[in-house]
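Worksheet for the structure shown next.
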Amino acid sequence: MSQFYQRVCQQSLFTLVLLLCPVLAQAYLPGTIQRVSIVPKSAEPNAASESPAVDDDGSHVAFLSRATNISSIPVPPNTRQAYLRDMSNGSIQLVSLNPDGNPLPTGVQEVDISSDGQFVIFTSQYVTGPPKSFPSELYIRDMAAQTTTRITDYTSYNGFVDDGIAISSDGRYVSFSGHRSNLVPDLDSATMYVFRWDRLTGVTEVVSRSYFGEPVYGRGLTDISADGRFVLFESPRADITFGDTNDGNDVFVRDMEKGINLRASLANDGSQFDFYIMPARLSGNGRYVAMMILDDGKDPVYPDSNTGISLDGYVRDLMLNTTRRITISSEGYEANDYNSGLVSISQDGQVAVFESLSSNFDLADTNGDWDVFVRDVAHGHTDRVSRSMNGNFSGNLGSYTAVISDDGTHVAFASKASDLVAGDSNQVADVFIATLVEGTHFPRYRFKWPLEYNPWVNPYFKELVEKVLLDHDHNPRTKPVVVLDYEVTQWRESLLQVGSCLLPLPANEEQFTHMLLEGKYISAEGEESEWVDGCLPDAVLGAIRAELR
Numbered sequence: 002m003s004q005f006y007q008r009v010c011q012q013s014l015f016t017l018v019l020l021l022c023p024v025l026a027q028a029y030l031p032g033t034i035q036r037v038s039i040v041p042k043s044a045e046p047n048a049a050s051e052s053p054a055v056d057d058d059g060s061h062v063a064f065l066s067r068a069t070n071i072s073s074i075p076v077p078p079n080t081r082q083a084y085l086r087d088m089s090n091g092s093i094q095l096v097s098l099n100p101d102g103n104p105l106p107t108g109v110q111e112v113d114i115s116s117d118g119q120f121v122i123f124t125s126q127y128v129t130g131p132p133k134s135f136p137s138e139l140y141i142r143d144m145a146a147q148t149t150t151r152i153t154d155y156t157s158y159n160g161f162v163d164d165g166i167a168i169s170s171d172g173r174y175v176s177f178s179g180h181r182s183n184l185v186p187d188l189d190s191a192t193m194y195v196f197r198w199d200r201l202t203g204v205t206e207v208v209s210r211s212y213f214g215e216p217v218y219g220r221g222l223t224d225i226s227a228d229g230r231f232v233l234f235e236s237p238r239a240d241i242t243f244g245d246t247n248d249g250n251d252v253f254v255r256d257m258e259k260g261i262n263l264r265a266s267l268a269n270d271g272s273q274f275d276f277y278i279m280p281a282r283l284s285g286n287g288r289y290v291a292m293m294i295l296d297d298g299k300d301p302v303y304p305d306s307n308t309g310i311s312l313d314g315y316v317r318d319l320m321l322n323t324t325r326r327i328t329i330s331s332e333g334y335e336a337n338d339y340n341s342g343l344v345s346i347s348q349d350g351q352v353a354v355f356e357s358l359s360s361n362f363d364l365a366d367t368n369g370d371w372d373v374f375v376r377d378v379a380h381g382h383t384d385r386v387s388r389s390m391n392g393n394f395s396g397n398l399g400s401y402t403a404v405i406s407d408d409g410t411h412v413a414f415a416s417k418a419s420d421l422v423a424g425d426s427n428q429v430a431d432v433f434i435a436t437l438v439e440g441t442h443f444p445r446y447r448f449k450w451p452l453e454y455n456p457w458v459n460p461y462f463k464e465l466v467e468k469v470l471l472d473h474d475h476n477p478r479t480k481p482v483v484v485l486d487y488e489v490t491q492w493r494e495s496l497l498q499v500g501s502c503l504l505p506l507p508a509n510e511e512q513f514t515h516m517l518l519e520g521k522y523i524s525a526e527g528e529e530s531e532w533v534d535g536c537l538p539d540a541v542l543g544a545i546r547a548e549l550r
């Protein structure tokens, strides 16, 4: 036996306990779901509602809707208007009003909300037509004062505000991008820039600057920290930070106080990603960046082998300079289908949400459509948020455009499913909010019995587990158990084969040891009425420990 396996075997007691029943950790788990897009004291919305934005604790949700029966104020037909729902009292207000108090004639493209729900920002084209073919403006609505202020002015320059607007927690700062050379002197009218606007002073600053401080091209879904100090943006420019040689789009965060830029789109070892193609989000504390990247081989723990199949989501810690993948199951499975390009992250960077077509993040995900997932970054758990009313199965149609509250306790999302809540019969997309409850995460694994189907199982452990289970009236022919084989000659074969599918394999011995001690991959599973939350009963575990001694 190799020294590597001797070291592993010396830890067999500790390790086997972890493998047969992984350490259960407190985590944020999906709870109740409520529909946000409703018509007070009336019928359901008569058209689709989408694109939610949520405040710091889930008490206010802004969203866009084409429905004409949500507000008592008549709105132009076939336009998306912005609304604000107060979840505490159920009231809904029309937000997309111009400074004169009338609904915007062309509707709204985007919306965002401050932490207390007082301020809502939104964009709108000034005249009807294809997006970005006419000037678009950025507005801020003070829900307390019931006033609307235009942040940008189309009369000065026929440019547009690009996709991606964000507002700080207190509503003071707003970040956005666009062709708006009139906002700051000496800008190129043909170049897109990223800006930060100060509501108190009325001053607009350029965010997208080179390491020499010169305004440069920037774009994309901008984001801003809670205090407005840090602003996230995208750019293909190579002169924003030193060492940028990948000739691709990257994610940057600018410290507006110190005037310095940090690149977020870096792998855990500091190397550059080959491709960055999707929007990113900044945590409220300005420390973490969540992003979707099409790349392979950059994951620090789990080998990234789904190249060409899916975008992968990562969280970058700008303080520790570490990067972790979030689009993986609790057991370490990679996505087996596409992840969307949208991701959202809590203020402390410990909880993230994303959408995926993958069916292997959850055993009960059988709808073959988009679903919303929450990743507890701190504990490494992934759970499905978009659940039907019975709390287990997928919704009967897709769910998408998810955002998480600053405190990480609520997820707002859009869905075409009709079985997430009772009484949903309008047959169009609606906006929902899910409450994440703090509870114990129980891993779910895919393993098969009998062990003969797994050719690499150590006979000693097989006989041991069979004996213990039979002694405790658990038939090992019907109750699946997985046992790690320590004595194979090739360490890669130490993870069991399951049917025709291999569990994710580590790339080297160090990663293998990490997975072993974390108990990520190996567990037991059986009928819920006879097994304890996916783990072996305490009596069975105790007997196995006794036998190992």
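Okay, so the sequence shown: first residue is 2 according to the numbering used here, each after it adds one.
Ideal Cβ placement from N, Cα and C applies to all residues, glycine included.
Under the three-state reduction of DSSP, which class applies to Gln-428: helix, strand or coil?
Stepping through the sequence shown from its first residue, residue 428 is reached at position 427. Note: Gln-428 maps to coil in three-state DSSP.
DSSP-derived helix/strand/coil call for Ser-395:
Locating residue 395 in the sequence shown gives position 394, counting from the first residue. In the structure shown, Ser-395 falls within a strand segment according to DSSP collapsed to helix, strand and coil.
Selection from Pro-100, Thr-192, Gln-126 that minimises the alpha carbon distance to Thr-148:
The residue labelled residue 148 in the question sits at position 147 within the sequence shown. Nearest of Pro-100, Thr-192, Gln-126 to Thr-148, Cα basis: Pro-100.
Cβ-based neighbour list, Asp-163, same chain, cut-off 7 Å, excluding 5 preceding and 5 following
Numbered from 1 along the sequence shown, position 162 holds the residue referred to as residue 163. Excluding sequence neighbours, Asp-163 sits near Ser-178, Gly-179, Met-193, Arg-220.
Mark Ile-74 as exposed unless 16 or more other C-beta atoms lie within 10 angstroms of its C-beta, in which case mark it buried.
The residue given as residue 74 occupies position 73 in the sequence shown. Residue environment analysis places Ile-74 among the exposed positions, since fewer than 16 neighbouring C-beta atoms fall within 10 angstroms of its C-beta.
Out of curiosity, what's the CA-to-CA distance linking Arg-264 and Ala-281?
Position 263 of the sequence shown holds residue 264. Position 280 of the sequence shown holds residue 281. Distance between the alpha carbons of Arg-264 and Ala-281 is about 12 Å.
Are Ile-122 and Ala-63 touching if we call contact CB-CB under 7 Å?
Counting from one through the sequence shown, the residue named residue 122 turns up at place 121. Counting from one through the sequence shown, the residue named residue 63 turns up at place 62. No, they are not a contact pair.
Curious, which full-length beta strand (DSSP E) runs of at least 3 residues does the segment 70-136 contain?
As far as the segment 70-136 is concerned, its whole beta strand (DSSP E) runs of at least 3 residues are 82-87, 93-95, 111-114, 120-126.
Decide if the segment 353-373 is in contact with the segment 253-271; the criterion is three or more beta carbon pairs, one per stretch, under 8 Å apart.
Counting C-beta pairs closer than 8 Å gives fewer than three between the segment 353-373 and the segment 253-271, which falls short of the contact rule.
Could you check how far apart the C-beta atoms of Val-109 and Leu-65 are, in whole angstroms? I think they sit under 8 Å.
Residue mapping note: residue 109 aligns to position 108 of the sequence shown, counting from 1. Residue mapping note: residue 65 aligns to position 64 of the sequence shown, counting from 1. Contact between Val-109 and Leu-65 holds: their C-beta atoms lie close to 6 Å from each other, under 8 Å.
If the criterion is Cβ atoms closer than 7 Å, does the pair Ile-141 and Phe-120 meet it?
For the purposes of this step, residue 141 is identified with residue 140 of the sequence shown, where counting begins at 1. For the purposes of this step, residue 120 is identified with residue 119 of the sequence shown, where counting begins at 1. Inclusion of Ile-141 and Phe-120 in the CB contact set at 7 Å is warranted, their separation being smaller than that value.
Leaving out five residues before and five after Asn-47 in sequence, what residues of the same chain have Cβ atoms less than 6 Å from its Cβ?
Reading the sequence shown from its first residue, position 46 is the one you call residue 47. Only Ala-68, Asn-70 meet the Cβ criterion.
Distance between beta carbons of Gly-342 and Met-293, contact taken as under 8 Å:
Locating residue 293 in the sequence shown gives position 292, where the first residue counts as 1. Locating residue 342 in the sequence shown gives position 341, where the first residue counts as 1. The pair is a contact, with the Cβ atoms about 5 Å apart (cut-off 8 Å).
Could you round the C-beta distance between Leu-184 and Pro-216 to whole angstroms and report it? I think they count as a contact, below 8 Å.
Translated into positions along the sequence shown, residue 184 becomes position 183. Translated into positions along the sequence shown, residue 216 becomes position 215. Rounded, the Cβ-Cβ distance is 11 Å, inconsistent with contact.
Taking the straight line between their C-alpha atoms, what separation do you get for Leu-452 and Val-175?
Numbered from 1 along the sequence shown, position 451 holds the residue referred to as residue 452. Numbered from 1 along the sequence shown, position 174 holds the residue referred to as residue 175. Confidence at Leu-452 is low in this model, with a pLDDT of 36, below 50, so the placement of that residue should be treated as unreliable; the coordinate-derived value is given next. For the pair Leu-452 and Val-175, the Cα-to-Cα distance works out to about 59 Å.
How is Glu-215 classed by DSSP in three states: helix, strand or coil?
Taking the sequence shown and counting its residues from 1, the one referred to as residue 215 is at position 214. In the structure shown, Glu-215 falls within a coil segment according to DSSP collapsed to helix, strand and coil.
On the criterion of 16 or more Cβ atoms from any shown chain inside 10 Å, does Pro-78 qualify as buried, or is it exposed?
Start at 1 with the first residue of the sequence shown, and residue 78 comes out as number 77. Note on Pro-78: under 16 other CB atoms within 10 angstroms of its CB, so exposed under the neighbour-count rule.
How about Val-378 and Ala-353: do their beta carbons lie closer than 7 Å?
If you number the sequence shown from 1, residue 378 lands on position 377. If you number the sequence shown from 1, residue 353 lands on position 352. In this structure, Ala-353 lies closer than 7 Å to Val-378 by Cβ.
CA-to-CA distance, Glu-335 to Ser-209, given in whole angstroms
Locating residue 209 in the sequence shown gives position 208, where the first residue counts as 1. Locating residue 335 in the sequence shown gives position 334, where the first residue counts as 1. Taking the Cα positions, Ser-209 is about 34 Å away from Glu-335.
Quick check on Thr-202: does DSSP put it in helix, strand or coil?
In the sequence shown, counting from the first residue as 1, residue 202 sits at position 201. Correct three-state label for Thr-202: coil.
Rounded distance between the beta-carbons of Ala-291 and Val-344, thought under 8 Å
Along the sequence shown, read from residue 1 onward, the residue named residue 344 stands at position 343. Along the sequence shown, read from residue 1 onward, the residue named residue 291 stands at position 290. Between Ala-291 and Val-344 the Cβ distance is about 5 Å, and since that is below 8 Å, they are a contact.
Determine whether the beta carbon atoms of Ser-395 and Asp-431 lie at a separation below 7 Å.
By 1-based counting over the sequence shown, the position of residue 395 is 394. By 1-based counting over the sequence shown, the position of residue 431 is 430. No, the pair does not count as a contact, with Cβ atoms beyond the cut-off.
Exposure of Ser-116, with buried meaning 16 or more beta-carbon neighbours within 10 Å
Position 115 of the sequence shown, counting from 1, holds the residue named residue 116. Its Cβ being crowded by 16 or more others within 10 Å, Ser-116 is buried.
Roughly how many angstroms separate the alpha carbons of Val-373 and Ala-413, rounded to a whole number?
Along the sequence shown, one-based indexing puts residue 373 at 372. Along the sequence shown, one-based indexing puts residue 413 at 412. Cα to Cα, the separation comes out at about 10 Å.
Proximity of Arg-81 and Val-37 at Cβ, strictly below 7 Å:
As a position in the sequence shown, residue 81 is number 80, starting the count at 1. As a position in the sequence shown, residue 37 is number 36, starting the count at 1. It is not a contact, given that the beta carbons lie outside the stated cut-off.
Pair within 7 Å by beta-carbon distance, Ser-72 and Leu-95:
Here the question's residue 72 lines up with position 71 in the sequence shown. Here the question's residue 95 lines up with position 94 in the sequence shown. For Ser-72 and Leu-95, yes; Cβs fall inside 7 Å.
Leaving out the 5 sequence neighbours to the left and right, which residues in its chain are closer than 8 Å to Ser-426 when beta-carbon positions are compared?
For the purposes of this step, residue 426 is taken as the residue at position 425 of the sequence shown. The answer, listed in chain order, is Glu-45, Ser-419.
Residue environment, Glu-258, which counts as buried when at least 16 other CB atoms sit within 10 Å:
By 1-based counting over the sequence shown, the position of residue 258 is 257. Result: exposed.
Where do the N-terminal and C-terminal ends of the beta strand (DSSP E) with Asp-240 fall, by residue?
Working through the sequence shown from its first residue, we reach residue 240 at position 239. Per DSSP, Asp-240 belongs to no beta strand (DSSP E) and is neither H nor E.
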